Amino acid sequence: MKKNFLLTSLMMLLVIILAACSSSESSSGTEAGNASGNANEKTEKTDSKEKQVVTFWHSMGGAGQEALNSIVESYNSSQDEIQVNAEYQGTYDESLTKFNAVAGSDSSPTMIQTFEIGTKAMINSGQIVPIQEFIDSDGYDMSGLEENIVNYYSLDGTFYSMPFNSSTPVMYYNKDAFEAAGLDPEAAPETFEEIIEANKAITKANPKMKGFALQAYGWLWEQLLANQGALLLNNDNGRSDTPTEIGWSEEEGKSIFNWVKQMVDDGTFANYGTNGDNMVAGFLAGDVAMFLQSSASSRDVIDNAPFEVGIAYLPHPEAKERQGVVIGGASLWMVDGKSEEEQKAAWEFMKYLQTPEVQAQWHVGTGYFAINPAAYEQQVVKDAHAEKPQLQVTVDQLQDTKPSFATQGALMDMLPEGRKIMETALESVYNGGDVDEAYGTAIEQFNAAIEKANAARGE
Amino acid sequence: MSMSNPGIPSSTEITEISFENVKKKQRVKSFTKGMLFLLPSIVLFGAFLFYPLFKTMYLSFFLTNARGETTVFVGLQNYIEMFTSPIFHQSMKSTFLFVLYTVPTTIIIALLLAVLANEKLKGIGFFRTIFSSTMGISVAAASVFWLYMFHPSIGFLNQILSLFGVESIGWLTDPKWALIAVAVTTIWMNLGFTFLVLLGGLQSIDSYLYESADIDGAGYFHKLRRITIPMLSPTLFFVITVTIINAFQTFGQIDILTQGGPQNSTNLIVYSIYREAFTNYQFGTASAQAIVLFIIILIMTIIQFKLGERKVHYQ
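Which chain is which? The protein sequence lines are A and B, in order. The numbering of the first sequence is the numbering used here, which starts it at 943 and goes up by one. The numbering of the second sequence is the numbering used here, which starts it at 475 and goes up by one.
Written out as C-alpha cells, the structure is:
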C-alpha cells in the first residue's frame, strides 16, 4: 500500500516536472543566461529597487567578458540612477536566436549586442528603435567617432545602432620562427606570394612547423576580398539597393582559393578546419608560424605565447593594391517596446561606453579598437602601446583603410548563410579538392541563398 | 426475437430499446471514463507533440522571415529544393552512415562488458561503476573532452600516433575521418547507458535456467547463445530501438566538435535542421527536413516492431 502511494506520487511529480519543463522551454535559455550573469550584479540588483534597470545582452566571452564586466561595474557605481545588468547570452548567433524568440515580450532585453552582419536582419526585424532618434533628441555628436566605423554603421546618414566593439583581421606571426628560418622578424610578408615563399623557408628550417593557417571562416573570406577592393554583393555591397547576386569577380575570388591551394600543395599549410581555438592553440604550441585572426584576440595571444608575437596587416595578392579592411565586431541595438525611461537609461549607458576613458580601458583590455579616437590620447593606451607595439598595428591598419563600398562592408540578411557556404568551399580545398569545382559550387549556392532571402521577404 | 413473437410487439420492443439504450449509455460512460484517464497525456502530448508536429507541417509549405513568421506560400517548393540539394543528400548519407557506425558497435561493446560484469567476482561493483560511468557525463563535457583528444597537433591521439611514427590524422578536419571521430565520441558516450540497461536485463534472468543447463552439461558459449541472448531479447530490442532513435537525433557532439564540417561531412540531419532554422533563418526548409526525419524514424520503428516482435522472447 505504502509502496503504491509512493509510486503514484512519484508519477505525479514527474508529470508536473515534465509539464513545467516543456512550458518553460522557450524561456529557459534566457534564464540560463540570467543565472550565468555576474553574481555581484545580482546582489546589487536587489538592494537598489528605485534604480532604472537596463538589461544588456552581450556575447563577450573570455577576456572580453572580464573587461566588459568591469566597465559595467564601474558605471553602476559611478551614479545611482541606472543599474545595468550585463548578461552573457552565448555567441552572436545564439544571442540573436534567443532575441528573435523573446522579441516583443517582457523577457526581451533593453539593449542587445549584435554582430555586424546581423545589421540588416535587425533593421528588417522591426523590433528595434534606430539610435538616430536618440542622437537627434539628445543632440549627441557622433562625428567624434572613428571615420571608418561611422562609415559602416550609418546607412543613408542614419544610425540604426551604436557601434561598440570593432575589430579587424590581422596576421599574427611567430617572430622566433622567422628568425630561425633566416627571415626578418620585423618585416612580415605582405602579399600572398611573399607568404608562400616565407612558408617554404619556415618549413625548411623546422620540418615540424607549418607555415600558415587560414581558419575556414567566412568573415576572413569577406576581409580578404575587401582588401583587394572587391565587393561581396552587387548593388554596392547592398548599400545602394537590395543585392541580387555576388559582387566579386572570378579573378578576385579565385586568387584566394589558388593561394590556399598552392600552400596545401607545398605542404606548408596547417589545416585547423573551422576551429579558431584549435588554431590559436596550435600557434601557441609552435605548430604553425602565421595565422589570420581578429585583432580582438591580440591581448590573449600576446600574453599567452612563450615566444615573441608579431602582428602585421592582412595580406593581399601581389597584383592588387591593398585597400584595407572592413570593420568587424558588433554594435548595440535599442530594443523596441520598452518604456521611455528604460530606453533613456540605456542610451545614457551607450553614451558612457563611447567616452575616451572607457574606450581606452576597453582597447587595452581586449584589442578591440577604440571607437572614439580620443581614447588613443589617454595615458593607459600610450603606455600599453609602448609596452606592446603590436596593438598599435591594428589601429594603423584601420586608419590606413581607403573608404569605399568594398571596405564599408556588405549589408544583407543572408550573410551568415553565405559565410557557411564559403567555409565549406575553403575546407574542400584544404582537403585537396579541386579549386574550380569548389569555387563553382560555392558561387552557385551563394547566389541561390541571395535569391531565396529576397523571395522570403515577399518583395 | 421480436419477429417470432408478433403478439406482443410493443413490450419487447421497449425492453430491447432500453437494453440498447443502457448499452449505449454504458459505452458513453466507459468512453468518458477512459478519456478522463487519458486526458492528462492527451493534453500534454497535444500541446507539446501534436501541435508542434502540425505547425511544422504547415511551416514546411512557406518561406519565413527571421522571426519564423510565414511570408510567402511556396507549396512543395521547399521539399523539391531539399530533395535536389546536394547538401541534403550529403546530410542523409552521413546520417545513415553514422547510424551504421554507432548502433551495432555500441550494442556489441556494451553487451560484452555487461556479460563480463555479470560474473560474480570480488570487486565487480567497481568495474560496473566504471563501465557505466559515461552515463553521468553530459554531452557537452564529453564533447569538449574529446575535442582536446582530437586536437590536430597537441591532442592525445595524435601524440600516441607520432610515438609510433605514424603521420598525424586530422580527426575533425579531414572529411574522411571526421564522421568516424564523431561516431567514436558518441559510442563512448552511449556505452554507459546501454551497458547499464543490458546488465539489468542479464541480472533478471532466472538462475535456475543456468542450473538446469549446467546439469545437462552445457558449455559457457552454448549457455550464452541458448539462454542468455534469448532471455535478453526484450532488453536488446529496447536498447536497439532507443539507440537508433538517438543516433538519428544526434546534435550536441556535432555542434561542439565539428559544427557540421568539414565539407558538411558531419552535417547530420538534426544539425542540418538547426542550421537552416537558426543560422540561415529558413524555418520553412528546416521544417521540411524535420518532417523527413519524422517519417524516417517512424518507418524505422515500425520495421523494428514488425521484425523484432517475431524474434523477441518474452518470458
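Glycine included, every Cβ here is placed at the ideal spot set by N, Cα and C. Keep in mind the model is a prediction, meaning the values are calculated, not measured.
Proximity test, Cβ basis, 8 Å: residue i and chain A
| i | result |
| --- | --- |
| isoleucine 719(B) | no |
| serine 746(B) | no |
| histidine 625(B) | yes |
| isoleucine 628(B) | yes |
| valine 546(B) | yes |
| phenylalanine 605(B) | no |
| threonine 775(B) | no |
| phenylalanine 752(B) | yes |
Within 8 Å, strictly: CB atoms of residue i and residue j
| i | j | result |
| --- | --- | --- |
| glutamine 1031(A) | tryptophan 999(A) | yes |
| asparagine 1213(A) | tyrosine 1372(A) | yes |
| alanine 1404(A) | glutamate 1365(A) | Because chain A is modelled from 943 through 1401, residue 1404(A) falls outside the range shown and cannot be assessed. |
| glutamate 1029(A) | glutamine 994(A) | no |
| glutamine 564(B) | asparagine 741(B) | yes |
| leucine 1333(A) | asparagine 1090(A) | no |
| glycine 666(B) | serine 607(B) | yes |
| glycine 1359(A) | asparagine 754(B) | It should be pointed out that residue 1359(A) corresponds to glutamate in this sequence rather than to glycine. Yes. |
| phenylalanine 1249(A) | tyrosine 1381(A) | no |
| glycine 1279(A) | glycine 1086(A) | no |
| lysine 1152(A) | valine 1230(A) | yes |
| arginine 1399(A) | tryptophan 1161(A) | no |
| isoleucine 1313(A) | valine 1112(A) | no |
| phenylalanine 1134(A) | proline 1259(A) | yes |
Opening and closing residue of the alpha helix (DSSP H) in which residue i lies
| i | result |
| --- | --- |
| phenylalanine 547(B) | Phenylalanine 547(B) -> not in any alpha helix (DSSP H); beta strand (DSSP E) instead, spanning 544-547. |
| leucine 767(B) | 757-785 |
| isoleucine 1363(A) | 1357-1372 |
| alanine 1009(A) | 1004-1020 |
| alanine 1312(A) | Here alanine 1312(A) belongs to no alpha helix (DSSP H), and DSSP marks it neither H nor E. |
Chain B contact for residue i (CB, 8 Å cutoff)
| i | result |
| --- | --- |
| serine 968(A) | Only weak support is given to the placement of serine 968(A): the predicted model assigns it a pLDDT of 39, under 50, and the value that follows is read from those uncertain coordinates. With 8 Å as the cut-off, serine 968(A) does not count as an interface residue toward chain B. |
| serine 1103(A) | no |
| asparagine 1373(A) | yes |
| glycine 1224(A) | yes |
| lysine 1394(A) | yes |
| threonine 1039(A) | yes |
| serine 1067(A) | yes |
| asparagine 1042(A) | yes |
| alanine 1227(A) | yes |
| aspartate 1035(A) | yes |
| alanine 1397(A) | yes |
Boundaries (first-last residue) of the beta strand (DSSP E) holding residue i
| i | result |
| --- | --- |
| threonine 538(B) | 536-538 |
| threonine 1186(A) | Per DSSP, threonine 1186(A) belongs to no beta strand (DSSP E) and is neither H nor E. |
| glutamine 1054(A) | Per the sequence shown, the amino acid found at residue 1054(A) is isoleucine instead of glutamine. Taken as a continuous stretch (DSSP letters only), the beta strand (DSSP E) holding isoleucine 1054(A) covers 1053-1057. |
| glycine 1153(A) | 1152-1155 |
| glutamine 994(A) | 994-1000 |
| methionine 623(B) | Here methionine 623(B) belongs to no beta strand (DSSP E); instead the alpha helix (DSSP H) covers 613-623. |
| glycine 1270(A) | 1270-1277 |
| tyrosine 745(B) | Element bounds for tyrosine 745(B): not the beta strand (DSSP E) but the alpha helix (DSSP H), 743-752. |
| glutamine 1235(A) | 1230-1236 |
| isoleucine 1024(A) | 1024-1030 |
| valine 1112(A) | 1111-1116 |
Cross-chain neighbours of residue i in chain C, by beta carbon under 8 Å
| i | result |
| --- | --- |
| alanine 1063(A) | Of the protein chains in the structure, A and B, none is chain C. |
Inter-stretch contact (C-beta, 8 Å, three-pair minimum) for the segment 1089-1104 of chain A and the segment 1266-1275 of chain A: yes
Sufficient close CB pairs (3 or more, under 8 Å) joining the segment 669-679 of chain B to the segment 723-737 of chain B: Not touching, per the Cβ criterion.
Where the segment 631-652 of chain B meets chain A: residues whose CB sits under 9 Å from a CB there: Gly644, Leu646, Thr647, Asp648, Pro649, Lys650 and Ala652
Under 8 Å (Cβ pairs) to chain A, residues found in the segment 520-541 of chain B: Ala521, Phe522, Leu537, Thr538, Asn539, Ala540 and Arg541
Touch test, the segment 1222-1235 of chain A against the segment 1116-1132 of chain A, Cβ-Cβ under 8 Å, three pairs minimum: yes
Touching by the beta-carbon criterion (3+ pairs, under 8 Å), the segment 1340-1357 of chain A and the segment 1056-1073 of chain A: Touching, yes.
Validate contact between the segment 1184-1195 of chain A and the segment 1204-1211 of chain A using beta carbons, cut 8 Å, 3 pairs: no
Interface positions of the segment 729-743 of chain B facing chain A (Cβ-Cβ less than 7 Å), listed along the chain: Gln733, Gly735, Pro736, Gln737 and Asn738
Residues from the segment 1198-1221 of chain A in contact with chain B, defined by Cβ distance under 8 Å: Ala1212, Asn1213, Tyr1214, Gly1215, Thr1216, Asn1217 and Asn1220
At least 3 beta-carbon pairs within less than 8 Å: the segment 1161-1172 of chain A vs the segment 1256-1266 of chain A: yes
Near-chain B residues of the segment 1356-1371 of chain A (beta-carbon distance less than 8 Å), N- to C-terminal order: Listed in sequence order: Met1356, Pro1358, Glu1359, Lys1362, Glu1365, Thr1366, Glu1369 and Ser1370.
Chain-ordered residues of the segment 758-775 of chain B with a beta carbon less than 9 Å from chain A: From the segment 758-775 of chain B, only Gly758 and Thr759 have a Cβ closer than 9 Å to chain A.
The segment 631-645 of chain B in contact with the segment 538-549 of chain B per 3-pair CB rule at 8 Å: no
Touch test, the segment 1038-1054 of chain A against the segment 1279-1296 of chain A, Cβ-Cβ under 8 Å, three pairs minimum: yes
The segment 698-713 of chain B in contact with the segment 747-765 of chain B per 3-pair CB rule at 8 Å: Too few Cβ pairs lie closer than 8 Å, so no.
Meets three-Cβ-pair contact criterion under 8 Å: the segment 650-667 of chain B and the segment 607-620 of chain B: yes
Sufficient close CB pairs (3 or more, under 8 Å) joining the segment 568-579 of chain B to the segment 656-663 of chain B: Look at the beta carbons and you see the segment 568-579 of chain B touching the segment 656-663 of chain B: at least three pairs across the two are nearer than 8 Å.
Inter-stretch contact (C-beta, 8 Å, three-pair minimum) for the segment 574-584 of chain B and the segment 714-723 of chain B: yes
Cβ pair count under 8 Å reaching 3, the segment 1230-1241 of chain A against the segment 1301-1309 of chain A: yes
Residues in the segment 1143-1177 of chain A having any Cβ partner in chain B nearer than 8 Å: Ala1158
Given 8 Å, three or more beta-carbon pairs between the segment 1321-1330 of chain A and the segment 1295-1305 of chain A: yes
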